[in-house]
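Here the sequence shown stands for residues -21 to -1, 1 to 314, where the numbers follow mature numbering (1 follows the signal peptide of the UniProt record, and there is no 0). Beta carbons: idealized from backbone N, C-alpha and C, even for Gly.
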Amino acid sequence: MRFSSLSQILILIVIVTNVFDQNISIVQAGNCFFHRIDNLCHDLSEANTDEQLCTGTFYSDDNIQELDGYVYADNCRDVNVLLKECDFDCGLGQECQWINGKEMCVCSEASCISSNIEQQPVCGSNNMTFNTECAMAAWKCSNQQSALYKKYDGECQKDCRNVRCPHDAVCLLVKNTGEPICYPKTHCKPALSPEPVCGTNGITYPNICVMRLSPNRQGQTPELAHKGPCENSCRPDLCKPDERCVYSKELRPVCIRCQYSSGFFLHSGECSTKIRVCGDNGNSYKSYCSLLMAQCQKNLYIDIVGYDKCSTVKHKKVSKSKSKYLNRISTFKTN
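Written out as structure tokens, the structure reads:
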């Protein structure tokens, strides 16, 4: 996933849900998106915005449609990247130049050489480290990457241990990519879901926001196992009607979703990035969505332990206990 600013992050987890719960159907202006498949825009960055202000990569004037909680639009085209006249400040990474008798804003890394521009590295949303935020803006302009944004100050990291977020944000790993992001705490609204919830780590939290804003040092957070205090076994009505109750490796009940339409795997933000993940069952999956499908096929909850191919050592370790684990699951279910 790629986002224009933290206030518009839509890939994760929580953020995606908050944006798409708003039942958007009709818009007056166009809409910005981050991805395109065939002629469909998906992964919304801004709704109802002018194309000149669009920070996504693609643009559509069509009405937003919804599929499985994710929005998309037809007639997807590239954002207009024509030069603009200098009747306003060109912004970071650009400067005003005379072109064909007119003043036009052009990309310029040279414009970043200024004593009043902060000289510290930043990590871009493409996981590239830039010397300064201005250098990132110049690269973004030259490469027509309008959806690029600063994830955090400092060099890009593989997890949250060395990421410095603002005081009003917390560092989390994006579920489908494993990338660290600074997630604004205000994005999670406890009043919308005030009841206690059980995490996949077996801990009961006062509400879902407390759970989602409680990462470990690496930035990993538990997933929602089920609503209400943690329980020891599956029972009727523990999960929603469209969910299935299965068990985790630690024999804890977890509600997983298995009723996906084919369109979900084509157009959802969670499936748009193909990054390999390693499950706690010792198996590697080509993407997060492949792991979601495997959970339903194997009828068990699979936690992510890494974002790469499972190592041989780790795989051997897990394999030794695999049959014992599956036997315990089988015994637990039949009793």
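Tell me the rounded alpha-carbon separation between residue i and residue j.
i, j, result
"Ile160", "Gly103", "10 Å"
"Glu222", "Asp17", "31 Å"
"Asn42", "Val50", "10 Å"
"Pro232", "Cys11", "39 Å"
"Arg143", "Leu71", "23 Å"
"Phe37", "Val60", "11 Å"
"Tyr131", "Pro175", "32 Å"
"Gly261", "Ser269", "14 Å"
"Phe244", "Cys250", "6 Å"
"Ser172", "Glu25", "25 Å"
"Val256", "Asp29", "38 Å"
"Ser226", "Ser263", "In the sequence under discussion, the amino acid at residue 226 is Tyr, which differs from the Ser named in the question. If you take the alpha carbons of Tyr226 and Ser263, they lie about 19 Å apart."
"Gly258", "Leu279", "12 Å"
"Arg140", "Gln199", "11 Å"
"Arg20", "Gln123", "The sequence given here places Cys at residue 20; Arg does not occur at that position. Rounded to whole angstroms, Cys20 to Gln123 spans 18 Å at the Cα level."
"Cys75", "Cys289", "51 Å"
"Tyr239", "Cys84", "46 Å"
"Lys228", "Cys213", "14 Å"
"Arg56", "Met272", "31 Å"
"His14", "Pro169", "30 Å"
"Met115", "Ala8", "29 Å"
"Lys206", "Gly242", "27 Å"
"Asp22", "Cys33", "14 Å"
"Trp77", "Asn110", "28 Å"
"Glu45", "Glu82", "42 Å"
"Pro163", "Met190", "14 Å"
"Gln136", "Val284", "17 Å"
What does residue i pair with, by DSSP beta-bridge criteria?
i, result
"Ile283", "Gly258"
"Gln73", "Cys86"
"Asp57", "Phe37"
"Val50", "Glu45"
"Arg223", "Ile235"
"Tyr264", "Val256"
"Thr183", "Cys177"
"Gly103", "Lys129"
"Glu64", "Met83"
"Ile78", "Lys81"
"Ile160", "Leu151"
"Leu203", "Gly178"
Taking 8 Å as the threshold (C-beta atoms), are residue j and residue i in contact?
i, j, result
"Asp138", "Leu152", "yes"
"Tyr267", "Asn186", "no"
"Thr108", "Glu134", "yes"
"Glu158", "Asn106", "yes"
"Ala126", "Cys91", "no"
"Val149", "Leu192", "yes"
"Thr183", "Asp282", "no"
"Cys209", "Cys188", "no"
If residue i and residue j are in contact, beta carbons under 8 Å, what's the gap, nearest whole angstrom?
i, j, result
"Ser87", "Gln98", "With a Cβ gap of about 17 Å, Ser87 and Gln98 do not count as contacting."
"Asn54", "Asp40", "7 Å"
"Cys177", "Ala204", "4 Å"
"Lys265", "Lys277", "Actually they are not in contact, since the Cβ atoms of Lys265 and Lys277 sit about 16 Å apart, beyond 8 Å."
"Cys120", "Ile96", "The pair is not a contact, with the Cβ atoms about 15 Å apart (cut-off 8 Å)."
"Gly35", "Val58", "7 Å"
"Lys129", "Val101", "5 Å"
"Ile235", "Gln197", "Not really, about 23 Å apart at Cβ, beyond 8 Å."
What is the DSSP secondary structure of residue i, reduced to helix, strand or coil?
i, result
"Glu30", "helix"
"Val149", "strand"
"Thr165", "helix"
"Gly178", "strand"
"Ser241", "helix"
"Val189", "helix"
"Trp112", "The amino acid at residue 112 is misidentified as Trp; the sequence shows Glu. Three-state DSSP puts Glu112 in a helix."
"Lys154", "coil"
"Cys11", "strand"
"Cys209", "coil"
"Leu19", "strand"
"Ser24", "strand"
"Leu270", "helix"
"Arg140", "helix"
"Leu171", "helix"
"Ser290", "coil"
"Cys135", "coil"
"Gln276", "helix"
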